[in-house]
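Have a look at the structure below before the remarks.
Residue numbers (UniProt numbering), protein chains in the order written: chain A, 1 to 665; chain B, 1 to 665.
In structure tokens:
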């Protein structure tokens with residue numbers, strides 16, 4: 001159905017890399033994740049559809065569907081919303097497609113088909129599709145790529161078209177976006193008469209590779225590679241177009257028009273050494289670069305991906321998998337600059353990091369990629385949504401004092417101490433929705449004759465390896481417990497292939513058994529962080545992995561100024577935090593003694609989470625002499641027991657303080 | 001000459017309060033301060049005059065003198081610069097006046113006289129004086145008090161006029177500003193037909209009290225009280241004028257037009273409980289309020305001054321005497337919010353704090369006021385100027401990482417790691433100049449039959465107490481050494497009066513002798529932090545005070561989140577810091593053990609300062625395993641010796657890191 005196998009066969013220049021696992025092959029039934037996926041299906045997608053149709057009274061209007069109706073000639077009116085409003089409809093359709101691929105739903109499909117009909121009518125004669133420029137600024141197409149998200153919106157619609165085709169086999173939207181991509185290909189390029197431009201917000205690059213994979217049309221892969229290669233070439237295209245349009249800016253601050261680092265267009269992508277600029281842009285770009293590298297065998301592009309991966313995850317990533325240290329430009333700052341309170345760490349950026357990690361895993365199954373994917377998923381991304389599925393964080397701080405937010409100190413204006421209703425700016429919520437709806441894509445990859453297990457998420461999968469179908473039934477109480485069982489059922493008894501299971505970076509002691517017999521874990525069997533089990537498999541063979549999951553005391557690299565002298569707790573993939581709801585205000589008073597016992601236990605709280613209790617030292621205001629500054633001996637800190645909860649679960653009990661990093665005594 | 005004695009005599013409603021000590025009565029000859037005062041005379045004032053006349057090629061043009069020439073009809077042209085550009089000329093004249101009062105200089109006086117002639121010609125028929133509204137927006141007077149600094153500029157010119165009259169006896173500028181004040185009085189008030197307004201930037205209030213003190217004309221005191229009383233009354237005048245002018249803003253962001261807290265006009269001043277809004281505005285307001293309270297005996301106004309004083313110094317002041325925790329609005333934030341790195345702590349705000357402390361000392365000689373005055377003076381204010389007198393800090397951080405400033409992390413965009421050439425925005429440098437030029441006003445006050453010594457600054461003073469002249473010769477190596485001698489010479493031998501010497505809050509052990517004989521320091525002799533020596537004085541009586549000056553380990557109130565677990569060193573009035581020049585980069589690696597010895601010693605460095613050496617623990621990057629996050633045991637920190645320097649002297653050796661607060665182990 002997907003057509004991607006055929007593409008592989010007729011391309012000899014690509015790197016060995018694994019393909020997407022279709023979602024109808026992976027049926028998630030997981031104690032932890034099913035809750036969130038059901039939320040997306042039952043709450044998020046219907047709510048978002050209402051919002052896109054301006055039927056949510058408490059939210060500001062979206063106008064997104066109406067914009068398409070106006071562009072389609074079905075309604076009279078003015079364009080409403082942001083220049084990238086179309087992408088909200090596209091992301092919603094993409095999430096719907098993933099849901100339909102996993103779990104058909106004729107009523108939902110009918111709604112989506114209706115939306116696709118309108119989109120098709122909104123497409124222009126020449127294939128162009130963008131309601132802003134069709135309705136509001138006709139004649140101004142492609143005059144402000146730096147600021148106006150034209151190709152970004154195109155990319156999201158392409159992703160939707162591909163996903164919908166894969167889910168339903170229906171070609172209507174795929175044909176629309178193919179025609180649009182053909183038109184884009186006729187406009188952009190370095191040939192005379194073409195625009196040698198690229199978008200201010202990367203996205204089209206990864207989308208065109210998906211379109212290539214779905215259609216087998218190499219034109220789209222070449223176009224994607226063009227956008228990757230052209231970015232950051234001198235003289236700057238953004239400076240050129242800025243001059244051409246007489247210096248006009250779409251946005252009042254004009255920030256994006258000429259700030260080349262913001263959009264990673266300051267240098268050709270292969271020459272970029274450090275993560276800089278808008279975090280989501282960079283991670284979408286890297287995802288597209290990895291895709292192009294995989295499909296074209298471009299080693300220099302892969303080297304750039306690895307270099308920027310290293311910079312991000314080893315120097316600019318929060319322990320929660322959040323990235324982007326500053327709100328100004330929603331951007332990376334510099335190595336080891338990881339402030340916990342003024343952080344940005346946009347939910348979308350961690351989703352982008354997961355996309356990038358997934359693409360790197362497809363090229364090279366190394367546990368470092370899956371470790372980061374898991375870290376971002378179990379902390380920032382799932383933490384980005386409330387347990388009711390109706391409230392979202394854009395910014396994911398690691399330390400919050402509600403007194404300081406909301407005007408107390410205006411450097412925290414971007415930090416919200418509780419999740420917000422999700423339709424103010426519609427980027428993160430639908431991104432969470434589409435990621436969770438497609439979570440089945442991230443669990444396994446098949447590389448050559450090996451099945452790689454990256455994530456421990458329960459359910460049943462049917463994978464194709466060495467030309468035959470293999471069933472895998474995964475069962476666990478992960479992330480609460482490190483015991484995972486994988487029941488393997490090959491189509492034909494006695495088939496030889498490998499099952500590789502990830503030994504997470506956080507796990508210092510793992511025990512692996514196959515049908516109850518110990519399987520050695522040593523340099524011979526553990527490759528790049530995966531225990532590789534090669535054997536002839538019988539139906540019902542049982543692989544059991546027991547990952548020791550103590551509470552870890554994590555410290556930061558000494559150059560991380562914000563965390564000097566501080567410790568964070570982590571258990572399994574979950575980072576922990578202290579919350580006011582459990583421990584009262586002024587969490588900075590708390591010091592965790594170096595040798596104290598950390599007691600983990602499951603608790604009827606926030607969905608049966610494992611909490612961690614510890615006896616800490618606390619210097620309280622009431623023991624102090626009242627002076628602002630004093631040279632008198634500091635009073636002795638008193639002992640008390642505090643409770644840590646998983647970071648992702650914070651801010652589900654009203655407004656209060658929270659901190660991940662705690663002073664160590 | 002000054003006329004202020006006569007004013008006191010004919011006013012019966014004022015509180016008992018001391019008067020200004022004329023600068024020609026205090027001749028400073030001090031190891032520490034003479035250097036800076038000479039810099040102001042020899043470098044700052046001449047340089048600033050060139051700058052005001054657009055003769056400094058490396059600085060952006062000022063236009064300030066030229067604006068006056070245009071308004072005076074001496075030149076054709078356009079207004080140039082900020083709406084408050086006039087105040088630069090006024091502050092320069094005021095600083096010149098103080099210099100002339102201390103130390104006549106006919107050549108300088110001639111230049112000043114020439115400037116005053118131009119100012120007089122720029123005054124309008126009706127007394128109005130403001131080059132912006134005369135040249136650039138005639139007809140728009142008083143239409144935007146919230147944003148346009150009209151009365152602020154008036155206030156500075158009044159201060160200049162009073163200072164120049166006091167210094168030289170010349171009335172020309174005093175007459176100009178009196179006529180201007182008369183005109184202002186005819187415009188503003190609650191009577192029908194008058195504008196019930198006040199300025200967006202407080203300053204006129206304190207200036208009018210000076211004008212009243214210099215002229216004895218109670219009209220100016222009443223007008224000052226009107227501005228104090230009217231501020232913050234409902235309905236809001238700023239909302240009213242905003243509507244009247246059709247919502248137009250002078251500044252692009254319009255921030256000041258309706259943000260009432262920013263200009264402390266959200267509530268009547270007597271109802272304000274916490275320091276909020278623009279720090280300089282608040283401190284100028286409080287200075288004016290204290291002045292009005294002193295002159296009118298208004299106890300409710302004094303109570304508001306005390307309440308806001310308490311809030312500032314006990315909850316919102318940095319250990320360096322800096323105030324204003326955030327750059328947004330250059331403003332106070334909230335209680336105990338004192339971030340060291342994103343701080344604002346504008347030099348002008350600490351100067352305003354000194355003004356306010358001085359006024360409170362005139363009303364009530366309490367060492368708490370002088371302690372804060374000293375803290376601000378010896379740390380933030382003198383630190384605001386470089387040792388060459390040509391570079392200035394506006395923002396005075398307590399922790400700086402140059403990698404983070406200048407774009408590294410944009411929350412530090414306002415923080416400069418080195419002092420800047422001073423004419424970009426001309427507020428702080430001339431403020432430092434006028435404060436240092438008038439430092440003689442801050443050392444002593446005379447209250448009843450007592451001479452109060454607030455600051456330990458060497459030199460000779462001639463003070464009037466109980467109707468006779470008393471000479472005081474102060475000698476010390478302060479702030480490097482706590483031994484101070486005061487030689488007292490009354491006009492008539494055997495005169496009875498009190499000499500009160502401050503026992504600073506930082507001093508835990510003081511020894512006082514009079515002519516070599518111990519003078520007891522106990523509840524009977526020490527009142528409000530001053531040791532009061534009552535006796536009949538003989539010429540040459542020698543009072544010797546020995547203030548023990550160990551290095552103190554200062555801790556912050558437990559609610560100061562930024563300083564939890566940290567210590568700062570202080571010796572005498574000087575706060576210390578670590579600088580990269582002495583200790584290498586990554587100062588956050590350093591931990592000061594609780595029991596370690598702190599060795600203070602004078603050193604040939606930065607003008608012979610006392611440095612402090614200590615053996616610290618330091619966890620260096622090179623001892624770390626390279627991981628961004630690690631659960632491996634933290635490597636042991638190594639011992640090394642570091643050097644602390646006085647905070648005010650930082651950033652005189654190039655760009656580098658600095659920190660005041662150090663982790664305590």
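Ideal Cβ placement from N, Cα and C applies to all residues, glycine included.
Pick helix, strand or coil for residue 646(B), following the three-state DSSP scheme.
strand
Once DSSP output is grouped into helix, strand and coil, what is the label at residue 48(A)?
helix
Give the range of the alpha helix (DSSP H) segment to which residue 222(A) is assigned.
218–230
Inspect the CB distances between the region 111–124 of chain A and the region 284–300 of chain A and report whether three or more fall short of 8 angstroms.
no
Chain A contact residues for residue 666(B), given Cβ-Cβ distances below 8 angstroms:
The structure shown does not extend to residue 666(B), since chain B is modelled only from 1 through 665, so no value can be given for it.
Which residues, taken in chain order from the region 323–335 of chain A, show a beta carbon closer than 9 angstroms to some beta carbon of chain B?
325, 326, 327, 328, 329, 331, 333, 334, 335
Could you give the distance in angstroms between the alpha-carbon of residue 620(A) and the alpha-carbon of residue 31(A)?
40 angstroms
Rounded C-beta distance between residue 376(A) and residue 321(A)? I'm assuming under 8 angstroms.
3 angstroms
Proximal residues of chain B, C-beta to C-beta of residue 401(A) below 9 angstroms
337, 561
Taking just the CA atoms, how far does residue 532(B) sit from residue 499(B)?
6 angstroms
Per-residue burial, residue 74(A) [other beta carbons within 10 Å of its own, 16 or more giving buried]:
exposed
Which ranges does the beta strand (DSSP E) cover as unbroken runs of at least 3 residues, wholly within the region 591–650 of chain A, from first to last along the chain?
598–602, 610–618, 638–646
Excluding sequence positions up to five away, which residues of its chain have a Cβ less than 6 angstroms from the Cβ of residue 300(B)?
270
How far does the alpha helix (DSSP H) with residue 147(A) in it extend, from its first residue to its last?
145–148
Taking Cβ-Cβ distances shorter than 7 angstroms, what residues in chain B pair up with residue 631(A)?
552, 553, 554
Shorter than 8 angstroms from the beta carbon of residue 655(B) to some beta carbon of chain A?
no
Give a single yes or no on whether residue 231(B) has its beta carbon closer than 7 angstroms to a heavy atom of the ligand MG.
What this structure holds is no ligand at all, so the ligand MG is not there to describe.
If you count every other CB in all the chains shown that lies within 10 Å of the CB of residue 234(B), and 16 or more means buried, which is it?
exposed
Please identify, using Cβ separations under 8 angstroms, the residues of the region 291–313 of chain B that lie next to chain A, in order along the chain.
313
Which of the residues in the region 618–652 of chain B, read from start to end, lie with their CB under 7 angstroms from any CB of chain A?
619, 620, 621, 624, 627, 628, 629, 630, 631, 634
With DSSP as the reference, please indicate the residues paired to residue 537(A) in a beta bridge.
495(A)
Could you list the residues in the region 376–407 of chain B with a C-beta less than 8 angstroms from some C-beta on chain A, going in chain order?
401, 403, 404
On the criterion of 16 or more Cβ atoms from any shown chain inside 10 Å, does residue 350(B) qualify as buried, or is it exposed?
buried
Extract the residue ranges of the alpha helix (DSSP H) inside the region 61–149 of chain B, only unbroken runs of 4 or more that lie entirely within it.
64–71, 86–102, 106–122, 145–148
Partners in chain A for residue 315(B), counting only beta-carbon separations shorter than 8 angstroms:
628
Using the rule of at least 16 other Cβ atoms within 10 Å of the residue's Cβ for burial, across every protein chain shown, is residue 537(A) buried or exposed?
buried
Member of 169(A), 650(A), 260(A), 513(A) whose CA lies at the smallest distance from the CA of residue 399(A):
650(A)
Which residue or residues does DSSP assign as beta-bridge partners of residue 552(B)?
570(B)
Inter-residue Cα distance where the pair is residue 395(B) and residue 415(A):
24 angstroms
DSSP three-state call for residue 681(B): helix, strand or coil?
Nothing can be reported for residue 681(B), as the shown portion of chain B is limited to 1 through 665.
Within 8 angstroms of any Cβ in chain B, is that where the Cβ of residue 417(A) sits?
no
Check whether chain A comes within 8 angstroms of residue 599(B), counting only Cβ atoms and requiring the distance to be less than that.
no
What are the partner residues of residue 662(A), as DSSP defines its beta bridges?
567(A)
I want to verify the contact list: residues of chain A whose CB lies under 8 angstroms from the CB of residue 589(B), in sequence order.
558, 564
What residues are listed by DSSP as bridge partners for residue 469(A)?
464(A)
What residues in the region 340–354 of chain A have a beta carbon less than 7 angstroms from any beta carbon of chain B?
342
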